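Under numbering that gives the first Met the number 0, the first residue of the sequence shown carries the number 0, and numbering increases by one thereafter. The beta-carbon is built from N, C-alpha and C at its ideal position, and this holds for glycine as well. Everything numeric in this text was worked out from a predicted model, so none of it was measured.
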Amino acid sequence: MTHKILLTGGAGYIGAHTFVALQAAGFSPFIFDNFSNADKDTPERIASITGQTAPWVKGDLLDKTAIERVFADNDFDAVIHFAAKKSVADSVHRPLDYFENNCVGLINLLEVIEKYSVKTFVFSSSATVYGTPQRLPIPETATLSFANPYGFTKLVGEQMLAQISLAQPELTVGILRYFNPVGAHASGLLLQAPRGNAAPPENLMPRMLEVARGQNPYLTVYGDDYDTPDGTGLRDYIHITDLARGHVLSLQNLLQSGEGHTVNLGTGNGYSVLEMIECFKKVSQKDLTYRIVPRRAGDIASCYADVSLAFALLGFKAEFGLLEMCASSWNAAQM
0 MTHKILLTGG AGYIGAHTFV ALQAAGFSPF IFDNFSNADK DTPERIASIT
50 GQTAPWVKGD LLDKTAIERV FADNDFDAVI HFAAKKSVAD SVHRPLDYFE
100 NNCVGLINLL EVIEKYSVKT FVFSSSATVY GTPQRLPIPE TATLSFANPY
150 GFTKLVGEQM LAQISLAQPE LTVGILRYFN PVGAHASGLL LQAPRGNAAP
200 PENLMPRMLE VARGQNPYLT VYGDDYDTPD GTGLRDYIHI TDLARGHVLS
250 LQNLLQSGEG HTVNLGTGNG YSVLEMIECF KKVSQKDLTY RIVPRRAGDI
300 ASCYADVSLA FALLGFKAEF GLLEMCASSW NAAQM
């Protein structure tokens with residue numbers, strides 16, 4: 000039997016790549032997205048990659064009637080919940096928007112899931128739930144905290160799911176704590192930065208691409224006085240193709256075992272902002288001008304994953320390195 004999987008936010012960067020990976024693994028994914036941070040032609044781009052249709056419906060998780068409608072019209076075996084506002088910097092300035100979208104939207108979705116007896120749920124969480132980490136690499140057992148409103152919403156989401164799982168033991172939940180996804184599909188058709196009307200991400204890779212293509216005169220580097228080897232922030236960058244594969248492995252594990260899990264999805268390696276810039280310069284043959292400015296509110300110094308549990312439980316191990324991440328992004332940006 001082919002399992003039908005609802006992807007909320009399925010037209011976004013991570014959702015679209017996961018759609019492709021799920022379809023390749025024999026699942027039947029379905030997109031529910033308001034396209035506020037995604038290109039409207041993403042379903043067509045997905046279909047060009049897979050050679051199969053990419054079914055979708057436009058809807059918002061703050062509109063419970065729209066959620067009800069898509070569940071009434073489809074028989075879903077599982078839900079992977081991507082849809083969320085995700086900018087750390089933006090969340091510092093507009094926390095209420097993040098609380099409403101990320102927390103109320105999740106509540107609406109979970110109420111409908113309970114009504115329609117969907118028993119498998121994968122939650123798109125984040126390394127931001129570790130706040131300022133006390134040890135590196137960060138294990139899943141680390142103390143949970145938050146350093147910004149975005150991280151708060153992810154932590155609240157995890158805690159809501161933990162309590163709901165106690166009340167509904169038949170609900171199997173997989174919590175995936177992403178580190179820093181970068182890169183693009185090998186086809187070049189799916190990028191991190193939306194091509195349409197959506198606001199461009201504030202992440203490092205899309206901003207480097209803007210400078211390399213002449214859309215911005217320089218790259219802004221937020222802080223060079225962190226306690227790291229070169230003073231810039233250290234992050235665990237993971238290729239989007241690896242991250243998408245992690246979702247497939249998580250879903251397969253949940254469906255087969257009936258037991259929930261919480262795992263980190265990263266590479267286990269930390270790279271600084273300046274290391275990423277140098278790698279991208281090597282790949283693109285572009286001289287990226289950058290300026291150092293003060294630290295950004297909500298940012299932390301270092302964050303990289305202990306990935307041993309993901310390997311032990313899911314058999315997950317990242318296959319791509321920093322060079323492939325930069326090369327795939329640059330290749331896609333030129334198409």
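By how many angstroms is the C-alpha of residue j removed from the C-alpha of residue i?
i	j	result
residue 92	residue 205	21 Å
residue 337	residue 96	An answer regarding residue 337 cannot be provided, because it is not within the stretch 0 to 334 covered by the chain.
residue 255	residue 313	11 Å
residue 71	residue 262	32 Å
residue 56	residue 228	47 Å
residue 287	residue 249	38 Å
residue 215	residue 332	15 Å
residue 108	residue 280	43 Å
residue 324	residue 237	8 Å
residue 196	residue 34	Per-residue confidence for residue 196 stands at a pLDDT of 47, beneath the threshold of 50, marking its modelled position as unreliable; no derived number is given.
residue 183	residue 274	19 Å
residue 282	residue 208	12 Å
residue 157	residue 27	26 Å
residue 22	residue 49	8 Å
residue 297	residue 0	45 Å
residue 187	residue 166	44 Å
residue 210	residue 217	6 Å
residue 117	residue 74	9 Å
residue 191	residue 212	15 Å
residue 45	residue 185	12 Å
residue 322	residue 24	26 Å
residue 47	residue 334	14 Å
residue 270	residue 303	9 Å
Step through the CB atoms of chain D and report whether any lies within less than 8 Å of the CB of residue i.
i	result
residue 225	This model lacks chain D altogether, as it is built from one protein chain only.
Where DSSP assigns a beta bridge to residue i, which residues make up the other side?
i	result
residue 302	234
residue 97	In DSSP, residue 97 forms no bridge with anything.
residue 168	Residue 168 pairs with nothing; no bridge assigned.
residue 55	30
residue 7	31, 80
residue 173	121, 260
Following the continuous alpha helix (DSSP H) through residue i, name the residue where it begins and the one where it ends.
i	result
residue 70	63–72
residue 34	Taken as a continuous stretch (DSSP letters only), residue 34 belongs to no alpha helix (DSSP H), as it is neither H nor E.
residue 42	41–49
residue 205	203–211
residue 17	12–23
residue 90	87–92
residue 330	321–332
Along the chain, where does the beta strand (DSSP E) containing residue i start, and where does it finish?
i	result
residue 180	179–181
residue 218	218–221
Pick out whichever of the options has its Cα sitting closest to the Cα of residue i.
i	options	result
residue 42	6, 210, 332	6
residue 221	291, 128, 326	291
residue 13	77, 74, 85, 145	85
residue 29	201, 102, 66	66
residue 81	18, 203, 266	18
residue 226	244, 252, 294	294
residue 54	63, 15, 36	15
residue 240	138, 79, 124, 320	320
residue 159	146, 174, 39, 148	174
residue 99	118, 155, 139	155
residue 130	59, 61, 178	178
residue 299	231, 315, 242	231
residue 77	137, 120, 105, 36	120
residue 37	52, 58, 125	58
Quick check for students: name the residue ranges of the beta strand (DSSP E) that lie wholly in the stretch 259–314, counting only runs of 3 or more. Counting whole runs of 3 or more residues, the stretch 259–314 contains the beta strand (DSSP E) stretches 260–264, 289–292.
Where in the stretch 94–162 do unbroken runs of the beta strand (DSSP E), each at least 3 residues long, occur, reported from the N-terminal end onward?
Runs of the beta strand (DSSP E) lying entirely within the stretch 94–162 and spanning at least 3 residues, in chain order: 119–125.
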